[in-house]
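Asks: Quick note: to get our numbering, add 1 to the position in the sequence shown (first position is 1).
Note that beta-carbon positions come from the ideal geometry of N, C-alpha and C, so glycine has one too.
Got a structure for you, questions after.
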Amino acid sequence: MLDYAIRVVELSRRVIADVATVEGLAAVLRQLRRREARREGANPLTYRELAAKTGWSHGIIGEYFAGRVLPPTDRFDVLVRLLGATPAEQGWLATARDVVEEHRRAGGGRALGRLPPAVPGFVARAEPLATLDRLVDPAADGAPVVTVSGMAGVGKTALVLHWAHRAAGRFRDGQLYLNLRGFDPAGAPVAPDEAVRTLLDALGVPLQRLPPTVDAQIALYRNLLVDRCMLLVFDNARDAGQVRPLLPGGGSSRTLVTSRDRLAGLVSLDGAQPVRLDLLTVEESRELLAARLGSARLFAEPRAVDEAVAACSRLPLALAIVAGRAALNPGFPLDALAGELRAARGGLEPFSGTDPSSDVRAVFSWSYRSLSTAAAQMFRLLALHPGPDVGGPAAASLAGVSPAGARPLLRELTDATLTSEHRPDRYACHDLLRAYAAEMAAMVDSDADRHAAVGRLLDHYLHTAHTADLRLDPHRDPIPLPPAGSGITPEPLADHEAALAWLDTEFPVLLAAIPLAVAENFDRQACLLVRTLAHFLERRGHWTRWVAAHQVALVAARRLGDPAEEAPIRRSLGRVNVHLGRSDEAVTHLTASLDLYREVGDSNGQGRIEFDLGWVAARQERYDDVLRHSRTALEHFIVAGNRSGQGRAYNNIGLSLTLQGRHVEAVGYCRRALDLLQAIDDRYGAAGSWDSLGRAQHQLGRYREAADSYVRADGLWRALGNRFQQGESLVGLGDTQAAAGDLDGAARTWQRALDIFHQLDHPDAEAVRGRLVLRLPEQGRPSGGSSRYPTDAPDS
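Following this line, the structure appears as structure tokens:
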């Protein structure tokens with residue numbers, strides 16, 4: 002008993018109070034361990050025995066006794082009780098431990114266990130926050146590593162810090178935060194060895210206790226985390242290689258990494274779960290401005306707020322800069338700030354400042370500087386692209402490289418979040434990033450280089466669109482193209498379906514390419530591209546866009562002074578005006594086009610114009626003129642040796658005869674047209690001939706045959722993607738069903754036609770609506786209406 006009392010005196014309050022370091026505290030723990038062994042008359046407890054009693058790893062227990070790691074408060078209390086400390090000693094030792102921790106913090110430690118403050122004015126972001134709740138959960142089977150990536154200025158750090166503060170209670174051993182400075186103007190990224198030493202310091206390992214090699218330091222770091230439940234936040238990572246050495250080796254700790262890079266290596270090799278942070282919604286953008294400026298100020302000027310949100314393209318950094326300027330100038334109306342944004346015309350000047358971290362141009366530059374030379378050039382050239390997004394093959398032609406050569410460059414841009422691959426092999430760039438790319442292109446690339454890149458891009462779209470057009474109608478009149486230049490790889494389109502899909506996908510880009518071509522003085526490409534697209538525009542019923550595109554191209558054709566280019570453009574403008582019910586404008590364009598075709602001696606072109614003038618005559622119920630124009634067209638096609646044109650002329654003669662009431666003769670001409678057109682596999686012409694045959698058969702009272710002909714026409718038009726002609730054939734089929742007594746079937750068919758005309762915003766919808774109301778065909782007109790003459794297409 003006396004021996005025990007003496008040993009207790011060895012740990013007097015004064016001795017314990019003198020402890021001021023982790024090493025001194027570890028010495029007390031070792032003394033307690035020896036004393037407990039003497040008291041029990043046994044060997045001192047081994048680290049493995051202590052591990053068995055506590056459930057901690059023996060490695061971390063060794064670090065506690067070596068003085069390399071300060072035990073957390075709860076563990077320290079458990080440990081001293083296991084080592085036989087008296088209640089008084091337990092209190093003194095708890096105080097000593099707290100003093101040691103205070104000394105360490107006061108001694109210049111980096112205090113990485115404390116997160117930076119959350120960003121003020123943080124807005125909802127409900128979906129990504131819920132995703133982090135699900136993935137970064139130590140109590141569930143969450144992901145050990147989660148990456149949050151997105152473009153510069155999108156709010157990655159703000160999101161993660163907001164979530165980390167909210168979730169702090171889930172991690173019993175605290176949090177570690179480290180800015181890896183991957184994209185930072187202040188200096189180079191934090192090297193992995195520096196990062197590991199910093200983290201070991203935060204975990205309480207003094208400098209003199211660090212192992213000598215980096216690998217040993219990483220092993221110690223991971224060993225310290227094995228039994229801990231911590232949140233590790235690594236902000237602004239450069240790449241996967243910078244982060245990988247910092248990942249825990251297991252346990253219940255969770256790692257959250259932010260980066261402009263997608264960190265694909267962590268996802269593929271380390272099992273990280275990616276979270277991509279997108280732009281704010283319009284409503285979230287307004288919430289951000291309201292949080293900074295107050296709801297009353299926004300409520301007073303809603304239009305200015307909407308303009309600001311649009312000008313910032315919903316990028317949080319840009320919105321914060323605008324909000325900061327408004328906050329610094331509370332007397333300025335928001336409309337004045339919106340006026341500054343308008344005056345910038347999409348440029349970056351309103352988002353500049355003296356602080357690099359709040360200057361959009363500077364923030365973007367940190368990502369741009371990380372690119373390889375070839376990827377940086379690709380980024381700059383993408384600013385020249387006119388559309389909302391770009392396909393991989395078009396980007397390759399823009400840069401003058403092969404598609405295989407373009408793929409790694411686009412992947413590098415996507416990994417750097419300077420572009421986004423929003424669909425397979427289709428890439429988009431945020432508006433403000435495009436503005437930055439345009440600035441860099443103007444600074445780095447010569448005028449000649451930029452002009453050549455635009456020329457390659459236009460040639461790519463022109464040659465691919467020409468291939469697509471021939472897939473849609475192989476029998477159309479040829480459009481002579483110059484050969485594709487060096488560095489251009491037109492896209493191969495295997496069949497009709499692939500061609501139609503490509504045109505539908507690229508349609509916004511192709512329309513935007515026409516004014517770009519005119520602005521850059523590529524007049525020939527502008528004219529040829531419009532001619533190539535005319536057939537598709539009519540098939541899809543893009544009436545107003547058809548007019549706009551051809552009016553732009555007409556300027557280019559007149560600038561060229563080439564009647565061979567102006568004639569088809571004038572003809573196409575005539576056709577679209579027929580669709581829109583503007584007969585006088587249509588005749589003006591068609592007559593001018595006919596004169597131009599005569600000037601260049603183009604028999605095919607003259608034949609097409611005769612078709613179109615017959616169409617106008619049919620709408621005006623001048624049926625003798627319809628027949629005359631159809632016969633004149635046939636003569637022109639015979640001279641040109643154009644069998645497709647001849648077949649279509651026979652069909653139009655048949656249709657003209659039907660309009661005159663000569664139905665038996667009409668059937669003969671339609672059959673003759675079908676024989677010729679099917680022999681040469683002209684599906685477009687055959688579809689029109691089946692439609693005309695159905696009309697003649699209907700007038701002869703042969704309703705079953707007429708219905709069969711209309712069904713064949715409907716199937717072909719649908720397969721060819723010609724929505725307008727499909728709707729017209731459905732009108733005829735509905736008329737035939739009604740005449741045969743099937744009023745319910747007729748109503749269903751007319752409804753299908755009406756749906757199509759509504760989608761096309763075509764004026765024929767009104768006549769079909771009348772049929773549905775009366776459940777009768779339109780009176781006083783042959784089945785289907787005369788608007789369906791002819792079955793030709795632009796430049797066919």
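(1) Look at the alpha carbon of N237 and the alpha carbon of P73, and state the distance between them as a whole number of angstroms.
(2) Counting along the chain, where does the beta strand (DSSP E) carrying R451 start and finish?
(3) Please identify the residue among D478, H464 and L459 whose C-alpha is closest to the C-alpha of V519.
(4) Going by CA-CA distance only, name the one from T47, R98, L46 and A53 that's closest to V29.
(5) Per DSSP, what kind of secondary structure is A417 in: helix, strand or coil?
(6) At what residue ranges does the segment 165-243 contain a whole run of the alpha helix (DSSP H), taking only runs of 4 or more?
(7) What residue range does the alpha helix (DSSP H) around T589 cover?
(8) State the DSSP-derived secondary structure class of R49, mapped to helix, strand or coil.
(9) Can you find at least 3 beta carbon pairs, one from the segment 345-363 and one from the segment 381-390, that sit closer than 8 Å?
(10) Taking Cβ positions, are W751 and L775 nearer each other than 8 Å?
(11) If I measure Cβ to Cβ from R560 and keep anything under 6 Å in the same chain, skipping five residues before and after, which residues do I get?
(12) Can you check DSSP and say which residues form a bridge with L257?
(13) Within 10 angstroms of its Cβ, does F333 collect 16 or more other Cβ (buried), or is it exposed?
(14) With L33 and A86 assumed to form a contact (beta carbons below 8 Å), what rounded beta-carbon distance in angstroms separates them?
(15) Helix, strand or coil, according to DSSP, for H423 in the structure here?
(16) What residues in its chain sit with their C-beta under 8 Å from that of R111, if we drop five residues either side in the sequence?
(17) Just the Cα atoms here: how many angstroms apart are A558 and S314?
(18) Going straight from the alpha carbon of A502 to that of A495, what length do you get?
(19) Rounded to whole angstroms, how far is the Cβ of Q698 from the Cβ of E706, which I believe are closer than 8 Å?
(20) Alpha helix (DSSP H) containing R770: first to last residue?
(21) Tell me, which residues are paired with P491 by DSSP?
(22) Quick one: using the 10 Å Cβ neighbour count with 16 as the cut-off for buried, is T659 buried or exposed?
(23) Would you give the residue range spanned by the alpha helix (DSSP H) that R571 belongs to?
(24) Expressed to the nearest angstrom, what Euclidean distance is found between the alpha-carbon atoms of A395 and H166?
(25) Which of the three DSSP states is assigned to Q642 in this structure?
(26) Could you tell me the alpha carbon to alpha carbon distance between L675 and N652, rounded to whole angstroms?
(27) Assuming T533 contacts A466 (C-beta within less than 8 Å), just tell me the rounded distance between them.
(28) Return helix, strand or coil for A6, following the three-state DSSP convention.
(29) Alpha carbons only, please: which of D194, G295, G486 and Q661 is nearest the one belonging to D625?
(30) If you follow the beta strand (DSSP E) that P275 is part of, which residue opens it and which one closes it?
(31) Taking the alpha-carbon positions, what's the S784 to A650 distance?
(32) Classify A345 as helix, strand or coil using the three-state DSSP reduction.
(33) Would you kindly check if the distance between the Cβ of R263 and the Cβ of D416 is under 8 Å?
(34) If you draw a straight line from the C-alpha of D743 to the C-alpha of D682, how long is it?
(35) Which residues does DSSP list as the beta-bridge partners of G392?
(36) Which first and last residues belong to the alpha helix (DSSP H) in which S690 is found?
Replies: Judging by the given coordinates:
(1) The residue given as residue 237 occupies position 236 in the sequence shown. The residue given as residue 73 occupies position 72 in the sequence shown. Approximately 29 Å between the Cα atoms of the pair.
(2) Position 450 of the sequence shown, counted from the first residue, corresponds to residue 451. For R451, there is no enclosing beta strand (DSSP E); the residue is found in the alpha helix (DSSP H) stretching over D448 to L473.
(3) On the sequence shown, residue 519 is found 518 positions in, with the first residue counted as 1. V519 has its Cα closest to that of L459, out of D478, H464 and L459.
(4) Numbered from 1 along the sequence shown, position 28 holds the residue referred to as residue 29. Nearest C-alpha to V29: R98.
(5) Here residue 417 refers to the residue found at position 416 when the sequence shown is read from its first residue. Coil.
(6) Counting only runs of 4 or more, we get 193-203 and 215-226.
(7) Locating residue 589 in the sequence shown gives position 588, where the first residue counts as 1. Residues S584 to V601.
(8) Translated into the one-based positions of the sequence shown, residue 49 becomes position 48. Helix.
(9) no
(10) Taking the first residue of the sequence shown as 1, we reach residue 751 at position 750. Taking the first residue of the sequence shown as 1, we reach residue 775 at position 774. No, Cβ-Cβ distance for W751 and L775 is not below 8 Å.
(11) Along the sequence shown, read from residue 1 onward, the residue named residue 560 stands at position 559. Counting only Cβ-Cβ distances below 6 Å, and skipping sequence neighbours, we find D524.
(12) Within the sequence shown, residue 257 is the residue found at index 256, counting from 1. Answer is V147 and V234, bridged to L257.
(13) The sequence position of residue 333 within the sequence shown is 332, counting from 1. It is exposed - the Cβ of F333 has fewer than 16 other Cβ atoms within 10 Å.
(14) Taking the first residue of the sequence shown as position 1, residue 33 is located at position 32. Taking the first residue of the sequence shown as position 1, residue 86 is located at position 85. Right, the Cβ-Cβ distance comes to about 6 Å (below 8 Å), so this counts as a contact.
(15) The sequence position of residue 423 within the sequence shown is 422, counting from 1. Reduced to three states, the DSSP call for H423 is strand.
(16) Position 110 of the sequence shown, counted from the first residue, corresponds to residue 111. Low confidence applies here, because R111 scores a pLDDT of 38, under 50, leaving its location unreliable; read the following figure in that light. Excluding the 5 residues flanking it on each side, R111 has same chain C-beta neighbours closer than 8 Å at T199, D202 and A203, in chain order.
(17) Your numbering for residue 558 matches position 557 in the sequence shown. Your numbering for residue 314 matches position 313 in the sequence shown. If you draw a straight line from the Cα of A558 to the Cα of S314, it is about 37 Å long.
(18) Taking the first residue of the sequence shown as position 1, residue 502 is located at position 501. Taking the first residue of the sequence shown as position 1, residue 495 is located at position 494. About 11 Å.
(19) By one-based count along the sequence shown, residue 698 stands at place 697. By one-based count along the sequence shown, residue 706 stands at place 705. Yes, Q698 and E706 are in contact; Cβ-Cβ is about 5 Å, under 8 Å.
(20) As a first step, residue 770 is located in the sequence shown; it is residue number 769 there, counting from the start. Start and end: A766 to L775.
(21) Position 490 of the sequence shown holds residue 491. Looking at the DSSP assignment, P491 forms no beta bridge with any residue, so it has no partner.
(22) To locate residue 659, count along the sequence shown from 1; it is residue 658. With 16 or more other Cβ atoms within 10 Å, it is buried.
(23) Sequence index remark: in the sequence shown, residue 571 carries index 570 (1-based). Run containing R571: P564 to H580, per the alpha helix (DSSP H) assignment.
(24) Position 394 of the sequence shown, counting from 1, holds the residue named residue 395. Position 165 of the sequence shown, counting from 1, holds the residue named residue 166. Each residue's alpha carbon lies about 45 Å from the other.
(25) Here residue 642 corresponds to residue number 641 of the sequence shown, with the count starting at 1. First, the amino acid is wrong: residue 642 is Gly here, not Gln. Looking at G642 - three-state DSSP - the assignment turns out to be coil, as it is neither helix nor strand.
(26) By one-based count along the sequence shown, residue 675 stands at place 674. By one-based count along the sequence shown, residue 652 stands at place 651. Each residue's alpha carbon lies about 8 Å from the other.
(27) Residue mapping note: residue 533 aligns to position 532 of the sequence shown, counting from 1. Residue mapping note: residue 466 aligns to position 465 of the sequence shown, counting from 1. The Cβ separation is near 5 Å, so the contact holds.
(28) Along the sequence shown, one-based indexing puts residue 6 at 5. For A6, the pLDDT reaches just 36, beneath the cut-off of 50, and the residue's location in the model is therefore unreliable, although a value from the coordinates is still provided. Helix at A6.
(29) Counting from 1 along the sequence shown, the entry for residue 625 is found at position 624. When only C-alpha atoms are compared, the closest one is Q661.
(30) Walking along the sequence shown from the start, residue 275 turns up at place 274. Element bounds for P275: Q274 to R277.
(31) Taking the first residue of the sequence shown as 1, we reach residue 784 at position 783. Taking the first residue of the sequence shown as 1, we reach residue 650 at position 649. The predicted model places S784 with a pLDDT of 46, which falls under 50 and marks its position as unreliable; any figure quoted below should be read in that light. Their backbone Cα atoms lie some 21 Å apart in a straight line.
(32) Translated into the one-based positions of the sequence shown, residue 345 becomes position 344. Coil, per DSSP.
(33) Numbered from its first residue, the sequence shown carries residue 416 at position 415. Numbered from its first residue, the sequence shown carries residue 263 at position 262. Yes, they are a contact pair.
(34) Stepping through the sequence shown from its first residue, residue 743 is reached at position 742. Stepping through the sequence shown from its first residue, residue 682 is reached at position 681. When rounded, the distance between both Cα atoms is 34 Å.
(35) Start at 1 with the first residue of the sequence shown, and residue 392 comes out as number 391. Its beta-bridge partners are R427.
(36) In the sequence shown, residue 690 corresponds to position 689, counting from 1. Start and end: R684 to Q700.
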